[in-house]
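Contents: one structure, followed by commentary.
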Amino acid sequence: MIQDFGVLPDGTTVREITLKKGPLEASVLTYGAIIRDLKVDGQSVTLGFEDLQSYLDHSPYFGAVVGRCANRIAGGNLTVDGVGYQLDLNDNGRHHLHGGSLGFSARNWQLEQHDKASVLLKLVSEDGDMGYPGQVEALLRYTLTGAGALRVKMTATTSATTPVNLTQHAYFNLDGSADILDHTLEIAADRYLPVDEALIPTGEIRKVAWTPYDFQEGRKLRRKPGEQGVLYDHNFCLVDAPAQELAFAAALEDGAGSRRMEVWTTEPGLQLFDAEGMDVPVPGLAGKRYGAHAGLCLEAQRWPDGVNQKEFMDVLLRPGETYSHATEFRFS
Ligand code: GAL
2 MIQDFGVLPD GTTVREITLK KGPLEASVLT YGAIIRDLKV DGQSVTLGFE DLQSYLDHSP
62 YFGAVVGRCA NRIAGGNLTV DGVGYQLDLN DNGRHHLHGG SLGFSARNWQ LEQHDKASVL
122 LKLVSEDGDM GYPGQVEALL RYTLTGAGAL RVKMTATTSA TTPVNLTQHA YFNLDGSADI
182 LDHTLEIAAD RYLPVDEALI PTGEIRKVAW TPYDFQEGRK LRRKPGEQGV LYDHNFCLVD
242 APAQELAFAA ALEDGAGSRR MEVWTTEPGL QLFDAEGMDV PVPGLAGKRY GAHAGLCLEA
302 QRWPDGVNQK EFMDVLLRPG ETYSHATEFR FS
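Going from the sequence shown to our numbering is simple: count from 1 and add 1.
Pasting the structure below:
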């Protein structure tokens with residue numbers, strides 16, 4: 002099913018495509034390639050809004066695809082083949098975040114194709130977009146699979162060497178509770194990236210063992226005694242390079258243990274963000290209020306600030322190459 006969702010300030014129409022397969026139903030917007038709502042057996046498992054204006058005014062990237070480069074780039078400084086570029090400084094005027102103020106999450110993607118269970122969207126990001134060199138063409142396909150998963154498949158090509166690091170920024174809450182602190186999370190990472198006060202990786206790659214970042218055996222998001230003040234807004238190091246095949250990255254279970262979601266991805270990193278500071282001033286899906294920890298993000302991507310970190314994997318895409326990323330959110 003496809004319908005109009007609203008009109009952007011530039012006069013273009015945002016369309017909403019509803020996909021259905023088995024127990025899953027996904028509403029996808031052309032704006033930001035946003036998963037507006039994802040239902041499993043009729044229950045919403047992501048955060049979102051009912052109207053376009055709330056997305057324009059208040060969305061902390063709910064369900065959006067962020068790019069050209071997800072996460073932060075320190076000082077918005079990019080050097081490619083010895084040439085320096087200044088990227089849009091949309092993070093407190095000091096750093097570059099999620100591709101800039103008009104990044105992929107704030108663009109109206111072109112609807113290329115759709116059927117009952119899948120949709121293909123395309124975005125052309127011009128040479129110089131948000132400060133980045135090269136024209137990038139991105140393709141994104143969402144598919145609801147017969148096995149109860151939402152599959153996200155993204156590819157991109159470029160006319161000049163530029164960083165590309167896309168991610169799906171859905172906020173999950175599997176049981177509709179006020180916060181996800183009693184959800185149990187497992188992450189298949191034995192290392193994570195400590196950050197500085199601006200949330201930018203320091204460059205150190207630290208073992209999770211004996212830290213509050215050890216999710217290898219599964220633990221609740223609720224901080225343990227003595228862990229007050231621990232922030233979850235970090236990249237977990239799954240592996241050291243992107244892969245061709247999907248690998249298990251994480252599992253999330255609701256408080257009662259009755260719903261489980263697994264994240265499988267080709268990406269080497271997973272950013273955990275549990276939205277401690279969330280305080281959305283307008284109602285969300287079905288009139289819900291979203292406060293602290295209302296949902297959490299599990300953003301599969303290449304390690305953040307890769308353009309400035311010599312020890313991290315390359316995030317540059319060159320002409321003739323194809324960037325490729327697949328992530329599946331599997332429900333049971
Ligand atoms: C996350 C990021 C957070 C915050 C959030 C959007 O991906 O790690 O620091 O910027 O997006 O509110």
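By construction, the Cβ of each residue, glycine as well, lies at the ideal position given by its N, Cα and C atoms.
- Taking 7 Å as the cut-off, the beta carbon of N236 is found closer than this to the beta carbon of L194.
- Contact between T267 and A190 is absent: CB atoms are separated by about 15 Å, not below the 8 Å threshold.
- Boundaries of the alpha helix (DSSP H) harbouring L53: 53-59, taken from the DSSP string.
- Y86 sits close to G132, with the two beta carbons spaced by under 7 Å.
- Between the alpha carbons of G64 and A210 lies a gap of roughly 31 Å.
- Taking non-hydrogen atoms of the ligand GAL into account, the C-beta of Y62 is found less than 6 Å away from one of them.
- Checking the DSSP bridge columns, you'll see V29 partnered with I18, I36.
- Annotated three-state conformation of D315 is coil, per DSSP.
- Along the length of the segment 160-211, whole alpha helix (DSSP H) runs at least 4 residues long do not occur.
- Taking all protein chains in view, the Cβ of N174 is crowded by 16 or more other Cβ atoms within 10 Å, so the residue is classified as buried.
- For F274 and E322, the gap between their C-alpha atoms comes out near 31 Å.
- Between the alpha carbons of Y56 and R69 lies a gap of roughly 19 Å.
- For D234, the shortest separation between its Cβ and any heavy atom of the ligand GAL lies below 6 Å.
- In this structure, the beta-carbon distance from A295 to E277 does not fall below 7 Å.
- When the beta-carbon positions are compared, L122 and A34 come within less than 7 Å of each other.
- Here S28 has E17, T19, R37, D38 as same chain residues with Cβ atoms under 7 Å from its own Cβ, once five neighbours each way along the sequence are excluded.
- Excluding five sequence positions before and after D5, the CB atoms of its chain that fall closer than 7 Å to its own CB belong to T14, R16, given in chain order.
- Within the same chain, I18 come within 6 Å of H115 by CB-CB distance, once the 5 residues on both sides are set aside.
- Of the candidates D89, L141, P164, P164 places its Cα closest to the Cα of T80.
- A251 is not a Cβ neighbour of V231, given a cutoff of 7 Å.
- Sequence-distant partners of L200 (beyond 5 residues in either direction) whose C-beta falls short of 7 Å from its own C-beta, in its chain, are R73, D234.
- A direct Cα-Cα distance of roughly 10 Å separates S45 from L25.
- When DSSP states are grouped into helix, strand and coil, F6 belongs to the strand group.
- Using a cutoff of 6 Å, the CB of L48 does not count as near the ligand GAL, since none of the ligand's heavy atoms is closer than that.
- Of the residues V67, Q54, V316, the one whose Cα lies closest to the Cα of P282 is Q54.
- Relative to the ligand GAL, even the nearest heavy atom lies 6 Å or more away from the CB of L175.
- Annotated three-state conformation of L286 is helix, per DSSP.
- Membership of A252 in the beta strand (DSSP E) is indicated by the continuous run 248-254.
- Short of 7 Å from the beta carbon of D215, and not among the five residues preceding or following it, lie these beta carbons of its own chain, in chain order: V209.
- Proximity of the beta carbon of F274 to the ligand GAL is indicated: a heavy atom of the ligand is located closer than 6 Å.
- A distance below 7 Å between beta-carbons, with the five flanking residues on each side excluded, links G149 to the following residues of its chain, in chain order: G23, P24, L25, R331, F332, S333.
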